[in-house]
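Asks: Just dropping this structure here.
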Amino acid sequence: MIELKSPAEVERMAVTGQFVGELLAELGAATAVGVNLMDLEHLARRRIKERGAESCYWDYSPSFGRGPFRHVLCLSVNDAVLHGLPHDYVLRDGDLLSIDMAVTIDGWAADSALSVIAGTPDPADQKLIEATEVALVAGIGAAQAGGHLGDISAAIGEVAGRYGYGVNGEFGGHGIGRTMHEAPHVANSGRPRRGMRLEPGLTLAIEPWFCRGTDKIRTDEDGWTIRSADGSRTAHSEHTVAITEAGPRVLTGRDRGEQSPATRSTLADQR
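For the working numbering, count along the sequence shown from 1 and bump the result up by 4.
See the structure below:
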């Protein structure tokens, strides 16, 4: 069942979203060569406890994982893109890290992700991250009241194709609100003017993720970490968005910038 949120409920989600966005910005800024993934995990645990929030990940046991998940972050390095388990790993120069988190505050959830590079960036990795960010902006822009769910999917898929990346159909975005995962599923490719009509009060986690060399994935023996099937680098960007009469509203904005400098430049060129 799809639940439309009232304006007051969207405001409550926005409180959670602000915390998620600010913490993700802090984690992204803390990502550097020599940092242990567990340092980021424990930083997030402290901030969540200080805020009185609850992690949506802790004890999460979906059908596709080998649960329960006992972390508050998904930290996916290089060829890992989704559901990466934080572990004792020290970031090396050029590592690409995707950070994904979701929490609830007072019963309302928000979910967001970003990808960053530790140390010296590979231009191909920068392009990959840029593609996910541009696709996210495009997907959000298509989340208009009166439109269709397929408009969001088509906008994301068009960006992927323009950058030369395939799209995996197994995992995508989702509804969000009282829980982290609600209906509907938001695919990262599709056809415009198809699917359910977008109505004010619908809240979605829109999350394009791409692999440099393939649209196929594999799962580690841990049952959680999803990697590109060919070992190529991956990237992931995500925001929680509310559809309103005035247009899409990003609830998980990050004070330190919505996109990387390269992405901002690309968007400026498009305008």
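Just so you know, even glycine gets a beta-carbon here, dropped at the ideal spot from N, CA and C. For clarity, every value in this text was computed on a predicted model and none was experimentally measured.
In this structure, does DSSP put arginine 253 in helix, strand or coil?
Replies: strand
Asks: Which two residues bound the contiguous alpha helix (DSSP H) that contains valine 39?
Replies: Counting along the chain, valine 39 falls outside any alpha helix (DSSP H), and DSSP gives it neither H nor E.
Asks: Grab the span of the alpha helix (DSSP H) containing glycine 143 for me, first residue to last.
Replies: 127-145
Asks: Buried or exposed: where does glycine 227 fall if 16 or more other Cβ atoms within 10 Å of its Cβ makes it buried?
Replies: exposed
Asks: I believe aspartate 115 touches threonine 244 by the beta-carbon criterion, under 8 Å. Please report the beta-carbon distance rounded to the nearest angstrom.
Replies: 5 Å
Asks: I'd like the span of the alpha helix (DSSP H) that includes aspartate 155, first residue to last.
Replies: 153-167
Asks: Please go through the same chain and pick out, in chain order, the residues whose beta-carbon is closer than 8 Å to the beta-carbon of leucine 44, but skip the five residues on each side of it.
Replies: Leu31, Ala34, Thr35, Leu77, Leu79, Pro90, Ile103
Asks: Beta strand (DSSP E) containing glutamate 186: first to last residue?
Replies: 186-190 is the extent of the beta strand (DSSP E) around glutamate 186.
Asks: Between glutamate 249 and the rest of its own chain, which residues show a CB-CB distance below 7 Å, the 5 nearest in sequence each way excluded?
Replies: Ala149, Pro204
Asks: Beta carbon of alanine 106, beta carbon of isoleucine 180: below 9 Å?
Replies: yes
Asks: Would you decide whether threonine 267 is buried or exposed? Buried here means 16 or more other CB atoms lie within 10 Å of its CB.
Replies: Bear in mind that a pLDDT of 35 at threonine 267, under 50, signals an unreliable position, so the number given afterwards is only what the model happens to contain. Per the 10 Å Cβ criterion, buried.
Asks: Where do the N-terminal and C-terminal ends of the beta strand (DSSP E) with threonine 207 fall, by residue?
Replies: 207-210
Asks: If distances are taken between C-alpha atoms only, which option among Ile121, Arg74, Trp112 comes closest to arginine 96?
Replies: Comparing Cα-Cα distances from arginine 96 to each of Ile121, Arg74, Trp112, the minimum goes to Ile121.
Asks: Which residue comes first and which comes last in the beta strand (DSSP E) that contains phenylalanine 214?
Replies: 213-215
Asks: So what does DSSP say about alanine 48, is it helix, strand or coil?
Replies: helix
Asks: Just verifying my parser: in three-state terms, what is the DSSP assignment at alanine 33?
Replies: helix
Asks: What separation, rounded to the nearest whole angstrom, lies between the Cα atoms of arginine 237 and glycine 154?
Replies: 27 Å
Asks: Comparing C-alpha positions only, which one of Asp126, Val190, Ile52 sits nearest to isoleucine 144?
Replies: Val190
Asks: So, is alanine 84 buried or exposed, given that buried needs 16 or more other C-beta atoms within 10 angstroms?
Replies: Residue environment for alanine 84: buried (at least 16 other C-beta atoms within 10 angstroms of its C-beta).
Asks: Counting along the chain, where does the beta strand (DSSP E) carrying threonine 248 start and finish?
Replies: 243-248
Asks: On the three-pair Cβ rule with 8 Å, is the stretch 199-218 touching the stretch 127-144?
Replies: yes
Asks: What's the gap between the Cα of valine 254 and the Cα of aspartate 224?
Replies: 33 Å
Asks: Taking 7 Å as the limit between beta carbons, can you name the residues of its chain near glycine 251, skipping five residues before and five after?
Replies: Result list for glycine 251: Gln148, in chain order.
Asks: Report the three-state DSSP secondary structure of glycine 173 (helix, strand or coil).
Replies: coil
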